[in-house]
Amino acid sequence: MDVVMSMRRSTTNTAEVTRGAVTYQGIRSPYLESGDRHSAEAVVFVHGNPGSSEDWRDLVGRAGGFARAVAPDMPGFGQADKPKDFDYTVEGYAHHLDGILNHLRVRRAHLVLHDFGGPWGLTWAAQHPERLCSVTLINIGIMPGYRWHSLARIWRTPLLGELFQATTTRFGFGFLIQRTNPRGLPKAMVDRMYRDMDWGTKRAVLRLYRATDNPGQMAEALGALFRQLDVPALVIWGAADPYVPVRFAERQQEFFPRARIVILEQSGHWPFADDPEAVAGALIPFLQKQLRG
2 MDVVMSMRRS TTNTAEVTRG AVTYQGIRSP YLESGDRHSA EAVVFVHGNP
52 GSSEDWRDLV GRAGGFARAV APDMPGFGQA DKPKDFDYTV EGYAHHLDGI
102 LNHLRVRRAH LVLHDFGGPW GLTWAAQHPE RLCSVTLINI GIMPGYRWHS
152 LARIWRTPLL GELFQATTTR FGFGFLIQRT NPRGLPKAMV DRMYRDMDWG
202 TKRAVLRLYR ATDNPGQMAE ALGALFRQLD VPALVIWGAA DPYVPVRFAE
252 RQQEFFPRAR IVILEQSGHW PFADDPEAVA GALIPFLQKQ LRG
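Going by my numbering, the sequence shown opens with residue 2, and the numbers climb by one from there.
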């Protein structure tokens with residue numbers, strides 16, 4: 002396990018990042034893309050909550066210097082459609098991710114997952130193990146015994162969750178996000194998160210969390226499979242994450258035996274935003290090794 006106190010700069014060339022959109026089963030999902038868009042092998046970045054493809058813009062550009070890289074807005078988030086009748090469950094998101102990748106003709110994926118992007122992406126990979134090349138887990142993973150944090154418990158409570166969503170102001174949102182990240186997050190990112198947090202996203206959050214009763218149970222379903230697959234893996238974790246405790250970082254080697262674990266001592270839940278050079282310094286060489294190996 003590597004404990005990182007200071008950042009080191011990645012020297013990878015950065016490629017142009019373009020924006021497109023996929024419509025699957027009537028739901029439009031914008032995406033960022035970089036690199037050779039005809040390649041069937043791609044680095045696939047999947048955001049969480051709150052989040053969007055824009056979380057990954059810098060890393061998409063860096064990965065695009067040597068590979069195809071894509072990052073979609075998942076339904077209910079960012080600029081994606083936010084319909085009332087979408088299946089806002091882990092399985093529903095995994096199915097939609099499959100539709101996006103098929104539309105983009107991505108047959109082999111190096112997954113980079115954060116927050117709820119972890120369950121979505123890992124569930125997709127469990128359904129399509131032959132298409133998984135590697136996995137990078139950022140402040141997420143297979144977590145036996147994990148219990149919801151306090152904010153999630155609010156969202157899961159009928160009426161209280163709706164009241165919380167209806168009364169959250171820009172100031173309150175920013176305060177809540179920033180106070181739990183010791184390094185702080187870029188103001189532009191926090192502002193973008195708040196702009197994206199319209200009622201469609203707020204509704205998606207409530208339905209997603211209420212549909213996910215016991216996140217720790219996913220370890221039972223997924224753990225044995227990934228232990229057997231033994232895919233190349235990288236785990237990056239901000240040690241000050243108040244939502245997903247850092248104690249789960251080392252446990253990822255139970256399920257990904259070859260995983261390298263990088264702990265960023267001064268980072269919170271979004272280490273790619275509060276210490277982008279440290280994250281790129283770990284992620285980019287890992288991806289280069291997988292794609293050139």
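For every residue, glycine included, the Cβ atom is placed at its ideal position computed from N, Cα and C.
Annotation for residue 32: the continuous beta strand (DSSP E) segment containing it runs 28-35. Looking at the backbone, the Cα of residue 167 and that of residue 180 are separated by about 21 Å. Taken in chain order, the unbroken stretches of alpha helix (DSSP H) that lie wholly in the region 85-111 and span 4 residues or more are 91-104. Residue range 19-25 is occupied by the beta strand (DSSP E) that includes residue 20. Assignment of residue 43 by DSSP, reduced to helix, strand and coil, places it in the strand class. Distance check between residue 239 and each of 268, 250, 251 places 268 closest, using alpha-carbon atoms only.
Our two residues, residue 42 and residue 201, have alpha carbons roughly 32 Å apart in a direct line. A distance below 8 Å separates the beta carbons of residue 30 and residue 22. Excluding sequence positions up to five before and after residue 222, its CB lies within less than 8 Å of the CB of 127, all in the same chain and listed in chain order. For residue 70, the uninterrupted beta strand (DSSP E) run begins and ends at 69-73, by DSSP. If you compare the alpha carbons of 211, 140, 120 with that of residue 152, the shortest gap goes to 211.
If you draw a straight line from the Cα of residue 120 to the Cα of residue 247, it is about 17 Å long.
Just so you know, the alpha carbons of residue 259 and residue 289 end up roughly 17 Å apart. Within the same chain, 257, 258, 259 come within 8 Å of residue 231 by CB-CB distance, once the 5 residues on both sides are set aside.
Assigned with DSSP and collapsed to three states, residue 284 falls in helix.
Per DSSP, reduced to three states, the secondary structure at residue 201 is helical. Taking a contact to require three or more Cβ pairs closer than 8 Å, the region 276-290 and the region 189-196 do not qualify as touching.
By alpha-carbon distance to residue 28, the top candidate from 92, 91, 97 is 97. With a 10 Å radius around the Cβ and a threshold of 16 neighbouring Cβ atoms, residue 85 comes out exposed. In the three-state reduction of the DSSP assignment, residue 143 falls in the coil class.
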